[in-house]
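Heads up: the sequence shown begins at 4 in our numbering, then just goes up one per residue. By construction, the Cβ of each residue, glycine as well, lies at the ideal position given by its N, Cα and C atoms. Step one of this worksheet: look at the structure below.
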Amino acid sequence: MRRSTDYFLSSHGGNLPLPDSLDKLIANAKENEAAIAAELPKAVDWVVKQQMDCGVDIINDGEYVKAATPGTYAGYIYDRMTGFNSVDRPAGWQPKRAFTAERDKRDFPGFYESGLWFSGSGGQQRPGFAKPGSGVPAFMNPSGKIRACNEAVTYKDYEPIKKDIAALQTALAGKSGVDGFIAALGPLSTGAGMTNLHYKDERDYMFAVADAVREEYKAITDAGLIVQIDEPEFATTWMFYPDWSVEEYRKHLDFMVEIINHALRGLPEEQIRFHMCWGSGHRPHVHDIEFKHIVDKLLQVNAQAYSFEASNPRHAHEYHVFEDVKLPDGKIIVPGVVGHYTDLVEHPELVAERLVNFAKLVGMENVHAGTDCGIGSRVGHEEIVWAKLKAMSEGCRIAGKRMKGK
4 MRRSTDYFLS SHGGNLPLPD SLDKLIANAK ENEAAIAAEL PKAVDWVVKQ
54 QMDCGVDIIN DGEYVKAATP GTYAGYIYDR MTGFNSVDRP AGWQPKRAFT
104 AERDKRDFPG FYESGLWFSG SGGQQRPGFA KPGSGVPAFM NPSGKIRACN
154 EAVTYKDYEP IKKDIAALQT ALAGKSGVDG FIAALGPLST GAGMTNLHYK
204 DERDYMFAVA DAVREEYKAI TDAGLIVQID EPEFATTWMF YPDWSVEEYR
254 KHLDFMVEII NHALRGLPEE QIRFHMCWGS GHRPHVHDIE FKHIVDKLLQ
304 VNAQAYSFEA SNPRHAHEYH VFEDVKLPDG KIIVPGVVGH YTDLVEHPEL
354 VAERLVNFAK LVGMENVHAG TDCGIGSRVG HEEIVWAKLK AMSEGCRIAG
404 KRMKGK
């Protein structure tokens, strides 16, 4: 990935607003599969131009393929893999872990019972849950079925990722000064929440998942693009096991890093960006694991760049961890300097201040500007998304001048 000592390069978490033409088709995705496939390349071309108009340097395809797949943001990957199926709940079955925000839920029961956590800025519904207030993840289907691993996990369908790559490469053709990335689901976010009914133990199961998703990562890097590994589980797993101590969690992170690095083995580090967050949902977040407890483990992931939340009220102060933690040589951090769960558009001066806070600790060339998470489906209207990205780009220029004493 590029570095700059002239100004801060900018990027974002991945998810971006859909053009109206594609949005209307996705409203009835199953009936419009052929029309969606025909529209996607044109939509990717549109969103590349939108990002360039906003001054973004490291851009993507808007994650439109994920939006076109019914279900949660993770749903697209299961269409490309074998191993995961809807099955009858085994006798005595229990979910592997607790609710998405179990630690918070214990302290704020009224908030979760109200269903307010189910919508955020703009009032949009959060995907992946059975109904407001239920606290029932989508893989725990009330009908008596669960999605589980009941056969060998393999990556079977390469055509979709080839089309994703081709659409972005075509949209980037002839455009200078920008780099392209495609976001792909991490191995933990793909498999850690599912019940294993096939492999002898969790280790064998998760290594098989890592082998499978690596195929998608390799296709992206082989094409010369940056792959962003989306792995919110790196931080949110702390919530899933509410009775663990910090030390128990850190021990589990060692296993998580091993799985992630297995999925990344042999791939060019300079084309890998790792994204983690604290779940990004509309909720208190008072029990999020503190960054200081996990940042050293994060830096053990074999990526060149690390994207993480750094602008919201629970984590904006945590740039101070780099006063004590040395960023390894050659590494880049991509802190969120723009929020994805508020309709307030950040002032460019605030963006600049946030960037300078990090740059003074790790070096300007080792900092890219990013968003806390994907902003396309979280803020209330696409006009706000583009305004946020423009504010981020303007803040990059201000911060660059400030770092050079101008």
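Test item: CB-CB of residue i and residue j under 8 Å
i	j	result
D291	G16	no
H320	E312	no
L25	E42	yes
A186	Y220	no
V304	F277	yes
L302	P331	yes
N88	R150	yes
K295	T198	no
A101	Y244	yes
K1	V359	What is shown of the chain runs 4 to 409, which leaves residue 1 out entirely.
K178	M55	yes
L175	V51	yes
Terminal residues of the beta strand (DSSP E) in which residue i lies
i	result
I292	Careful: I292 lies outside any beta strand (DSSP E) and carries neither H nor E.
V51	No beta strand (DSSP E) contains V51, which is instead part of the alpha helix (DSSP H) from E36 to D56.
F87	M84 to D91
D160	Looking at the DSSP string, D160 is not in any beta strand (DSSP E), and its letter there is neither H nor E.
F277	I275 to H278
L188	D182 to L188
D233	I229 to D233
F210	Element bounds for F210: not the beta strand (DSSP E) but the alpha helix (DSSP H), E205 to D225.
Boundaries of the alpha helix (DSSP H) in which residue i is found, first to last residue
i	result
I80	G78 to Y81
E251	V249 to L267
Y115	P112 to S117
Y67	Y67 to A70
I297	Here I297 belongs to no alpha helix (DSSP H), and DSSP marks it neither H nor E.
A402	E385 to M406
P351	P351 to V365
E326	Premise fails: E326 is in no alpha helix (DSSP H) and is neither H nor E.
E236	E236 to F243
Burial state of residue i, where buried means 16 or more other Cβ atoms lie within 10 Å
i	result
A133	Residue placement at A133 is flagged as unreliable, the pLDDT there being 35, under the threshold of 50; the coordinate-derived value follows with that caveat. Burial call: exposed.
D233	buried
K108	buried
L171	buried
V249	exposed
P130	Unreliable placement is indicated for P130, whose pLDDT of 37 sits below 50; no coordinate value is reported for it.
D160	exposed
Q128	The predicted model places Q128 with a pLDDT of 39, which falls under 50 and marks its position as unreliable; any figure quoted below should be read in that light. Label assigned to Q128: exposed.
Q53	buried
A169	exposed
G138	Reliability fails at G138, whose pLDDT of 42 lies under 50, so the model's placement of it is uncertain and the value that follows must be treated cautiously. With 16 or more Cβ atoms within 10 Å of its Cβ, G138 is classed as buried.
P112	exposed
P338	buried
Supposed contact pair residue j and residue i - C-beta distance, whole angstroms, cut 8 Å
i	j	result
S396	G95	Rounded, the Cβ-Cβ distance is 54 Å, inconsistent with contact.
V289	F11	So it is not a contact: roughly 31 Å between Cβ atoms.
M279	T103	That belief does not hold up - the Cβ atoms of M279 and T103 are roughly 15 Å apart, past 8 Å.
Y158	A215	4 Å
Y322	L364	7 Å
V328	V340	About 19 Å separates the two Cβ atoms, so there is no contact after all.
V212	I223	Rounded, the Cβ-Cβ distance is 17 Å, inconsistent with contact.
K393	I378	The pair is not a contact, with the Cβ atoms about 13 Å apart (cut-off 8 Å).
A306	I275	4 Å
Beta bridge counterpart(s) of residue i as assigned by DSSP
i	result
T374	V341
I335	A308
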